[in-house]
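Residue numbers (my numbering), protein chains in the order written: chain H, 41 to 313; chain E, 23 to 384. Beta carbons are placed, not taken as given, at the ideal position from N, Cα and C, and that holds for glycine. Just so you know, these numbers come straight off a predicted model, no measurement behind them.
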């Protein structure tokens, strides 16, 4: 965590914040999808959430920046506090929550109407923030450099973002998410649509980004969790239709070498799931 | 039984199945189907000329018989599947040709009858003080542009905003009812829209009133549901991922709709609007009872009667003067101009969606 202060390359960017989740129940209508999750996301660490398909880890992730409630009938009970502020407090504006907790999605989704430059600056431009041209240039360059994309696109910033390869598009989406300088970055299976080389590039990026952000990443890939994360949470469901629960959360090393529960060991050693 | 089948060699009596066998077979030459078709037509024409010629019978008979002949021939030379393929290909092509017949015939008739009036006078003069020869459609063309233009100005914002409400915001009962009413409005007969505008203005100005703007209102009633439908369709194919990406950047909903969703769907929306214009620009019935008949240029839609192309066409054809020929010629000429306008709109719509359209993931 001492590395944060030493990081001179990114002036002005925030420091990761801590998230405390307490008794969180996540519903789709009357269906309870995730039950009684209590955990802490430590600042400037990478927390990986693993578990089989449909166990609610993505749903849980989306409830951390109030994206979940955009779905018809979806709601949340319990509390999620970001550095002491409950993001589900009635006075809290979900739009503000999302600008301090950014998100990267499974499918790269650059805006098709915008250039690479405008995509990177989208968070600021869409909100009509008045920013001078040279200042904007600086933010775009810094974000693209931070996403290891600058050298590949610096000569074609005015070209559409959709013209990039899948891996480049995903890094563009990461640059876009970081340009608004969030404190937390949520990543929902960011590499599942990418090839191994692009995946590795993103994992390197995650390792580097944790100096400035708190990162929560959902992944299907256990090697990825083992490689890229500091802390790993294991989600599971008993049977289809049951709510997902957080079975165990601990240091990544411990989860993958010596987990305290038998079921976690079975999962990480590939015996089911 | 099954054991023996497995161990024994393939039965020699069975023809070897598979693609290699097909490739080894013969092929009908490329001119084959055409030759069959032409041959059948000639033979059938010869037979019909003896028993009484009938063009419809010749066409239908030629198609049916040549489908059968080409099927038998291809089956013999190329095999069962190819035979069916060739037969069905011919059948589908013939049905396509059949569907084109009325369209081509209509275009031919209108063009051949309307072309005689494609002169400068036709486009530069109105029917003011014209009896008999000469005269033109200037007044009607201007009227059509003003009436349709006003209708577009009114219906496009309403239609797009209604679609945004229905697709991006609406939920529950209100949305269901609105969707239902839009559907009902799509099916409204155009004369009913005309009567609506007529009755609306009659309340305030008495039943004798005729104004250009009344026609615009009637056309607006017809256009709104078309714009709503096409815009909604376009909003539907904007991927949810884009909305989520925008929300996740801390962008509010209306900014997301205005700056991400609508721009992404823009080319499709423009195309839909142009098709809606093309759809109402030829409406006759509602304009007949709202704009009236007028023979001079009138630039003010809020005062006096206003001529327009569809009503001009109808009136010139239905109530020609003496002698009738110049009136009939003008009617066909106006009809041709109307078709050309619609064609230009369609081409513009295609251009917009090609040039500015964005490939959207499904």
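Asked	Found
Interface flag, residue 296(H) vs chain E, CB-CB below 7 angstroms	no
Opposing strand residues paired with residue 142(H) [DSSP bridges]	225(H)
Under 7 angstroms from the C-beta of residue 269(E): neighbouring residues of chain H	107, 110 and 138
Residues of its chain near residue 50(E), where Cβ-Cβ distance is below 7 angstroms and the 5 sequence neighbours each way are ignored	95, 96, 99 and 100
Same chain, Cβ closer than 6 angstroms to residue 238(E), five either side skipped, listed in chain order	169, 172 and 173
DSSP three-state assignment for residue 316(E), whether helix, strand or coil	coil
Any chain C beta carbon closer than 7 angstroms to residue 283(H)	Going by chain labels, chain C is absent from the structure shown, which instead holds the protein chains H and E.
Nonlocal neighbours in the same chain, by C-beta distance under 7 angstroms from residue 89(E), ignoring five residues either side	109, 112 and 113
For residue 73(E), three-class secondary structure by DSSP	helix
Top-ranked residue by Cα proximity to residue 155(H), from 196(H), 129(H) and 131(H)	196(H)
Span separating the alpha-carbon of residue 70(H) from that of residue 118(H)	16 angstroms
Contact with chain H by residue 286(E), beta-carbon distance below 7 angstroms	yes
Assigned exposure category for residue 115(E) - 16 Cβ within 10 Å defines buried	exposed
9 angstroms Cβ cut-off: residues of chain E touching residue 132(H)	Those within 9 angstroms of residue 132(H) in chain E number zero; the least Cβ separation is about 13 angstroms.
Of the residues 278(H), 182(H) and 63(H), the one placed nearest residue 215(H), counting alpha carbons only	182(H)
Endpoints, beta strand (DSSP E) assigned at residue 63(H)	59-68
Own chain residues within Cβ distance below 7 angstroms of residue 235(E), not counting five before or after	172, 323 and 324
Interface flag, residue 227(H) vs chain E, CB-CB below 7 angstroms	no
Beta-carbon proximity of residue 375(E) to residue 287(E), cut-off 7 angstroms	no
Continuous beta strand (DSSP E) stretch holding residue 76(H): start and end	71-81
Helix, strand or coil at residue 368(E) according to DSSP, with G and I counted as helix	helix
8 angstroms contact criterion, which residue 123(H) and residue 58(H) should meet: CB distance rounded	6 angstroms
7 angstroms Cβ cutoff, residue 66(H) in contact with chain E	no
Near the ligand GDP: residue 324(E) beta-carbon under 6 angstroms from a heavy atom	What this structure holds is no ligand at all, so the ligand GDP is not there to describe.
Extent of the continuous beta strand (DSSP E) run through residue 299(E)	Not the beta strand (DSSP E): residue 299(E) falls in the alpha helix (DSSP H), residues 284-302.
Contact with chain E by residue 147(H), beta-carbon distance below 7 angstroms	yes
Cutoff 7 angstroms: residue 159(H) Cβ touching any chain E Cβ	no
Under 7 angstroms between C-beta atoms of residue 307(E) and residue 212(E)	yes
Proximity test, Cβ basis, 7 angstroms: residue 380(E) and chain H	yes
Terminal residues of the alpha helix (DSSP H) in which residue 334(E) lies	331-340
Helix, strand or coil at residue 158(E) according to DSSP, with G and I counted as helix	coil
For residue 281(H), three-class secondary structure by DSSP	coil
CB contact below 7 angstroms: residue 220(H) versus chain E	yes
Extent of the continuous alpha helix (DSSP H) run through residue 212(E)	212-227
Extent of the continuous beta strand (DSSP E) to which residue 275(H) belongs	271-276
Residue 202(H) burial status per 10 Å Cβ neighbour count (16 or more: buried)	buried
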